[in-house]
Amino acid sequence: MQSLDTVSLVILLGAMLLLVGILSSLIAMRFGAPLLLVFLLLGMLAGEAGPGGIVFNDVQTAYLVGSISLALILFDGGFRTRLQTFRTVLGPSVLLATVGVVVTTALVAPVARFVLDLGWTEALLVGAVVGSTDAAAVFFLLHAHGLRLRPRVGATLEIESATNDPAAIFLTVLLVEILLLGNQSWDVIAVTIARQAILGGLIGYVAGKAIVLFLNRIGLQQGLHAPFVAVGALVVFGLAASLQASGFLAVYLAGLIVGNRPTRAHNSIGVFLDATTWLAQIVMFVLLGLLVWPERLVSSIGPALIVALALTLIARPVAVFLCLAPYRFSLRERIFVSWVGLRGAVGIFLASIPLLVGLPAAYLYFDVAFVVVLFSLLVQGWSIAVAARKLDIAFPRADPLPQRVELDLPGQMAQELVGYSVAANSPYLRRGLLPSWAKPSLVVRDERVFTPEEAESVRQGDYIYLLAPPEKAQALDRFFVDMPPPARPDPRLLGDFFVSGDVTLGALAEIYGLQVAPEHTEKPLADYFAEERRRPIKQDDTLLLGPIGLLAHRVEGGRVTTVGLRLAEPDDDVGAQSLIARLKRMARRALAALRG
Amino acid sequence: MPLTDLVARNAIIPALKANGKKQALHELATKAAELIGQPDRAIYEILLQRERLGSTAVGNGIAIPHGKLGKLDRLFGLFARLDRSIEFDALDGQPVDLIFLLLAPESAGADHLKALARVARLLRDADTAKKLRESRDADAIYAVLALPPASAA
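These protein sequence lines are chains D and A, in that order.
Counting the first sequence from 1 gives a position; our numbering is that position plus 112.
Counting the second sequence from 1 gives a position; our numbering is that position plus 1005.
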């Protein structure tokens, strides 16, 4: 019974620790502080040097858990990366994610060698550990401040951060291997690198395709799609790593492929991976926190800060300016991209690899990475909004994006349900704007579900669910953004005349000389509105009938009762005349010049 | 563009007397018939036909009855300021005291619509309406209608 008690105790303590970790996210969210750091601190507090006093020095377990966690995190990272955004900024991001990481590593190394008194390989390892920007930190901090960056800048930063982990991981693993093997000849190293990259990429690509194929061909139980994908990711990782290929690269690529293909249960897979990633991050960082001895940090904080400063002020800017040189970015944009070189979880994880494999003086890497990440998140993280404003990078108005809910519709993949809360000043509510491919299907009001017909007109505070193709769901966001109302109503929307909604198209056509299809002559305007809009009409909806604009001036029960007629733009001909007049004047002047 | 290309000086009634919508329309039809040499009955019927779809009172005491008349050779406008405002089934419920009648030839098409829009937009301008109400005789009204929209606005 003794061992059983130990097991129960470990479960209790472990679960409690996780629970505290989950709850601590509440605090972190409030202050915009990086969650991973909070988890790490929690682990430290619970550890033997902290008040928790838990003795944990099972490096093997930590390495196993850490690897599984990172594999899942990387897969999730790939899964969430949209290849479409990739294409527009592929060049700059890929350069930053590869050459940029190498340049950063190379420039940090001499400083690290000097202040930490290391050999070249060890110094390069320090550089590699802090070489990549952190996707989670960049995404979170860019979005948490509601910054609307110029799409090019935002996408470059996000994609760089999402794609540079493999490069840094690669460098780190390589340098660790070199350090472990002692003196290897460079041709052996080169062959190792090439094999890892090529084989890893190949396995990832094939495995990604295979996961998609299995997912769509085999009718799994509804709840098993997501676990299938997650475990599949671990299989990819394990397979690649055991074949001496880069497991991290493979798993990232596989995630990229699965995430960008239409699959069954796409959204539930996303939700599951999201949850798994959270759990993986908490477990990983609490464990790492347990491994760290905080009091030793004090002795290395000075040199570590110098490394952090060199990274932020020299290595990162040089790498960014070098990599962005072939592309058209303004100086301000280059400075901003340099400044937003946020370091985060990956740096700390990479620093734990030497620790986990038992390199001499491995704690040094961890300490440096810890200080660098802390410095980066505190100084850069909290100044990001100011920097964007000072450098005039962000758009003047920062509209927080609306919360979008996406639901799979089993049985097909072409459509999904996309849900929004209807805001008072959303373009959808104000002007009835909606793309033609989105079909309102449900309205939830006061905890009751209606069809759009039953709900009549959608109001502020309703939740609306629309059928839309999954790849276009994101484009719906801007129709539901809560924007400040315009200064004054658009005069073009005012009707010149008004007629009853019961008036037929034919009657209107006769008086105003319009062309109407014979089958439409008996159709009342209200029906015409209903058929063209295919949803309850709201006040100020507009339609065209030949040259005449129809405006839903008064609406009762989703049906137009009074229609405003916008007959014509009286200024059209004036504009044309003045243009012709101007051309004539120019012609006359040209003639005079020729003669004179 | 001023409205005087649509309204001749003799097509202005500075103080029309009418007790209701139908009577006003009838008076206007008679006057128009006189000026363009067409039967008043036909004009009256055309105006009523349009009113049946919805009142041409556009609000703020202004009505713009209109229609197409086959045998007309150009756009024809007639302006009347009412002695006493009358009920016109306006959307905003206000009685009407300024009426602009516009008749268009069958072939007018887009010109008809543009002219109507121009009339509606000029009269919607509060300043123009105020000046028209303050004008006592045909000449004064003609002068206001002759103002380009920019200075009238």
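All residues carry an ideal CB built from backbone N, CA and C; glycine is no exception.
Keep in mind the model is a prediction, meaning the values are calculated, not measured.
Simplified DSSP state of residue i, which is helix, strand or coil
i, result
"Gly101/D", "Not covered by the structure: residue 101/D. The range shown for chain D is 113 to 708."
"Lys321/D", "helix"
"Phe441/D", "coil"
"Arg509/D", "A caution first: Arg509/D carries a pLDDT of 43, below 50, which makes its placement in the model unreliable, though a value can still be read off. Arg509/D falls in the coil class under three-state DSSP."
"Asn1015/A", "strand"
"Lys551/D", "strand"
"Gly456/D", "coil"
"Asp520/D", "strand"
"Ile649/D", "coil"
"Asp1102/A", "strand"
"Asp117/D", "helix"
"Phe168/D", "coil"
"Asp1144/A", "helix"
"Val615/D", "coil"
"Arg542/D", "helix"
"Gly313/D", "helix"
"Ile330/D", "coil"
"Arg571/D", "coil"
"Leu1096/A", "coil"
"Pro466/D", "helix"
"Phe609/D", "strand"
"Pro636/D", "strand"
"Leu1152/A", "coil"
Contacts around residue i, its chain only, beta-carbon distance under 6 Å, and the 5 residues preceding and following it disregarded
i, result
"Met113/D", "Residue confidence is low: Met113/D scores 48 on pLDDT, short of 50, so the model does not pin down where it sits. Its coordinate-derived value is still stated next. Closer than 6 Å at the Cβ level, and outside the excluded window around Met113/D, lies no residue."
"Val686/D", "At Val686/D the pLDDT is 41, less than 50, meaning the model places this residue with poor confidence and gives no usable figure here."
"Val363/D", "Ala183, Leu186, Phe187, Ala345, Val348 and Phe349"
"Thr1009/A", "Leu1150 and Ala1151"
"Asp1144/A", "none"
Beta-carbon neighbours of residue i, restricted to chain E and to distances below 9 Å
i, result
"Gly625/D", "In summary, chain E is missing from the structure at hand, where the protein chains are D and A."
Enclosing alpha helix (DSSP H) for residue i [first to last residue]
i, result
"Ser495/D", "Trp494 to Lys502"
"Lys1136/A", "Ala1131 to Glu1139"
"Lys1073/A", "Run containing Lys1073/A: none in the alpha helix (DSSP H); it sits in the beta strand (DSSP E), His1071 to Leu1074."
"His378/D", "His378 to Leu403"
"Glu566/D", "Pro564 to Ala567"
"Ile426/D", "First-last for Ile426/D: undefined, no H or E at that position."
"Val237/D", "The sequence given here has Leu at residue 237/D, not Val. Segment Trp232 to Val241, the alpha helix (DSSP H) holding Leu237/D."
"Thr216/D", "Val213 to Leu228"
"Gln627/D", "Per DSSP, Gln627/D belongs to no alpha helix (DSSP H) and is neither H nor E."
Same chain, Cβ closer than 7 Å to residue i, five either side skipped, listed in chain order
i, result
"Val324/D", "Ile369, Val370, Arg373 and Thr375"
"Ile418/D", "Val223 and Val227"
"Ile185/D", "Thr389, Ala392 and Gln393"
"Ala1034/A", "Asp1045, Ile1048, Tyr1049 and Leu1052"
"Phe487/D", "Leu417 and Ala420"
"Gln1043/A", "Leu1074 and Lys1076"
"Leu287/D", "Thr233, Leu236, Leu237 and Ala240"
"Gly155/D", "Phe397, Val398, Leu399, Leu400, Gly401 and Leu402"
"Asp683/D", "With a pLDDT of 49 at Asp683/D, under the threshold of 50, the modelled position of this residue cannot be trusted, and the question is left open."
Neighbourhood of residue i by C-beta distance below 8 Å, restricted to the same chain and skipping five residues each side
i, result
"Phe433/D", "Arg446 and Ser450"
"Gly164/D", "Leu157 and Ala158"
"Leu546/D", "Tyr540, Pro552, Leu578, Phe591 and Arg647"
Nearest-angstrom beta carbon gap, residue j and residue i [assumed within contact, 8 Å]
i, j, result
"Arg444/D", "Leu503/D", "4 Å"
"Gly212/D", "Ala526/D", "Going by Cβ atoms, the distance from Gly212/D to Ala526/D rounds to 39 Å, so no, they are not a contact pair."
"Gly1025/A", "Gln1054/A", "Rounded, the Cβ-Cβ distance is 18 Å, inconsistent with contact."
"Ile381/D", "Val341/D", "5 Å"
"Arg484/D", "Arg455/D", "For the record, residue 484/D in the displayed sequence is Val; it is not Arg. Right, the Cβ-Cβ distance comes to about 6 Å (below 8 Å), so this counts as a contact."
"Ser1060/A", "Ala1023/A", "Their Cβ separation, rounded to whole angstroms, is 15 Å, which puts Ser1060/A and Ala1023/A out of contact at 8 Å."
"Thr284/D", "Ile465/D", "6 Å"
"Val1101/A", "Ile1146/A", "The pair is not a contact, with the Cβ atoms about 16 Å apart (cut-off 8 Å)."
"Leu1030/A", "Val615/D", "That pair is no contact at about 19 Å."
"Val628/D", "Ala621/D", "4 Å"
"Asp1088/A", "Leu1137/A", "Contact doesn't hold; Cβ gap of about 14 Å is too wide."
Any non-hydrogen atom of the ligand MG closer than 7 Å to residue i Cβ
i, result
"Ser442/D", "As presented, the structure is devoid of all ligands, the ligand MG included, so that no description of it is given."
Limits of the unbroken beta strand (DSSP E) element including residue i
i, result
"Phe1081/A", "Phe1081 to Ile1091"
"Val672/D", "Arg671 to Arg678"
"Gly531/D", "Glu528 to Ser533"
"Gly1063/A", "The sequence given here has Val at residue 1063/A, not Gly. Its beta strand (DSSP E) spans residues Ala1062 to Gly1064."
"Glu668/D", "Ile660 to Glu668"
"Leu656/D", "Thr654 to Leu657"
Query raised in the report: What are the residues of the region 1032-1060 of chain A that lie near chain D, defined by any Cβ-Cβ distance shorter than 9 Å?
Result: Ile1051, Gln1054, Arg1055, Arg1057, Leu1058, Gly1059 and Ser1060
**Report entry** Interface residues of the region 629-652 of chain D facing chain A [CB-CB below 7 Å]
**Finding:** none
**Report entry** Cβ-based contacts, 7 Å cut-off: residues of the region 1119-1133 of chain A near chain D
**Finding:** Lys1119, Leu1121, Ala1122, Arg1123, Ala1125 and Arg1126
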